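Numbering-wise (my numbering), the sequence shown opens with residue 130 and increments by one.
The beta-carbon is built from N, C-alpha and C at its ideal position, and this holds for glycine as well.
Source: prediction; values computed, not measured.
In what follows, a structure is listed as structure tokens, so that the remarks can point back to it.
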Amino acid sequence: MNKNITKLIILCLIAGFSFSACKKSSDNKPASDTYSMKLTLNGKAVTYTTCLAADITANGIAQFNIIGSNKGNEGLAIDVIADLKTVKAGQVFKAATAYVQPNSMTMFYTDAANNDYGTQLTDPTGSITITSVSSTTIKGTFSGKLYDFDDTDATDLKYTITGGTFVAEMPK
130 MNKNITKLII
140 LCLIAGFSFS
150 ACKKSSDNKP
160 ASDTYSMKLT
170 LNGKAVTYTT
180 CLAADITANG
190 IAQFNIIGSN
200 KGNEGLAIDV
210 IADLKTVKAG
220 QVFKAATAYV
230 QPNSMTMFYT
240 DAANNDYGTQ
250 LTDPTGSITI
260 TSVSSTTIKG
270 TFSGKLYDFD
280 DTDATDLKYT
290 ITGGTFVAEM
300 PK
């Protein structure tokens, strides 16, 4: 029951921030950056043409999301338990081994059929490395292993993410 509530809260946060990203484009976008997320998912190249950072405080805990998406259901979100305002280039956030673990990350992937997958505490494989931060853009790399949300024993690996990169628009 607790796992389902946690999943629902996280998915609601992701959905809420995804909808808030649907705004008119702005001429303030740096000419040298295209906001996008690229990764290899089980050996297949995937590109999301929209990528944004969302600054969140939930239950008094500062965290931020890096969200990659296209039109439709499919997308990837990386939830980092750290304050976006203090993040610096060179910081590495490894996959969480406990819920709401400070300075850790959790990845969530929704496929085109609206099935959800994520990193698991019992196999905390993955990380995100911040390579650049400015007032308009955050960049980095990431990788990880994803399981069905119900597979809390991490016995049935569904997706392996390698070579992930992102250029995300910072919140205004």
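Would you identify the three-state DSSP class for Lys287, choosing helix, strand or coil?
Along the sequence shown, one-based indexing puts residue 287 at 158. Looking at Lys287 - three-state DSSP - the assignment turns out to be strand.
DSSP state of Lys217 mapped onto helix, strand, coil:
Here residue 217 is taken as the residue at index 88 of the sequence shown, counted from 1. Correct three-state label for Lys217: coil.
If you follow the beta strand (DSSP E) that Leu250 is part of, which residue opens it and which one closes it?
Counted from its first residue, the sequence shown places residue 250 at position 121. It is not in any beta strand (DSSP E) - Leu250 carries neither H nor E in the DSSP assignment.
Counting only the same chain and skipping the five closest in sequence on each side, list residues whose C-beta sits under 8 Å from that of Pro300.
The residue given as residue 300 occupies position 171 in the sequence shown. For Pro300, where only same-chain residues beyond five positions count, the Cβ hits under 8 Å are Leu181, Ala182, Ala183, Asp184 and Leu213.
Quick check on Tyr228: buried or exposed, where buried means 16 or more other Cβ atoms within 10 Å of its Cβ?
Translated into the one-based positions of the sequence shown, residue 228 becomes position 99. By the 10 Å Cβ count, Tyr228 comes out exposed.
Residue closest to Pro231, alpha-carbon to alpha-carbon, out of Val216, Ile210 and Lys223:
What you label residue 231 is simply residue 102 of the sequence shown in a count that begins at 1. Nearest C-alpha to Pro231: Ile210.
Close beta carbons around Ile190, own chain, < 7 Å, minus the five adjacent residues each side:
For this step, residue 190 is matched to residue 61 along the sequence shown. Ile210 and Val229, listed in sequence order.
Spell out the partners DSSP gives Val175 in its beta bridges.
Here residue 175 corresponds to residue number 46 of the sequence shown, with the count starting at 1. Looking at the DSSP assignment, Val175 forms a beta bridge with Leu168.
Output the boundary residues of the beta strand (DSSP E) element that contains Gln307.
Any answer about residue 307 is impossible in this case: the structure gives the chain only from 130 up to 301.
Would you mind stating whether Ile257 and Ile207 have Cβ atoms separated by less than 8 Å?
As a first step, residue 257 must be located in the sequence shown, where it is residue number 128. As a first step, residue 207 must be located in the sequence shown, where it is residue number 78. Between Ile257 and Ile207, the C-beta gap is smaller than 8 Å, which places the two residues in contact.
With the cut-off set at 8 Å, would you say Thr260 and Thr251 are in Cβ contact?
Within the sequence shown, residue 260 is the residue found at index 131, counting from 1. Within the sequence shown, residue 251 is the residue found at index 122, counting from 1. The answer is no: Cβ separation not under 8 Å.
Using C-beta distances below 7 Å, list every residue in its chain close to Asp282, excluding the 5 sequence neighbours before and after it, in chain order.
Taking the first residue of the sequence shown as 1, we reach residue 282 at position 153. Excluding the 5 residues flanking it on each side, Asp282 has same chain C-beta neighbours closer than 7 Å at Thr251, in chain order.
Per-residue burial, Asn194 [other beta carbons within 10 Å of its own, 16 or more giving buried]
On the sequence shown, position 65 is the one that residue 194 refers to. Around the beta-carbon of Asn194, 16 or more other beta-carbon atoms lie within 10 Å, marking it buried.
Here's the rule I'm using: 16 or more other beta-carbon atoms within 10 Å means buried, otherwise exposed. How should Thr284 be labelled?
Taking the sequence shown and counting its residues from 1, the one referred to as residue 284 is at position 155. Result: exposed.
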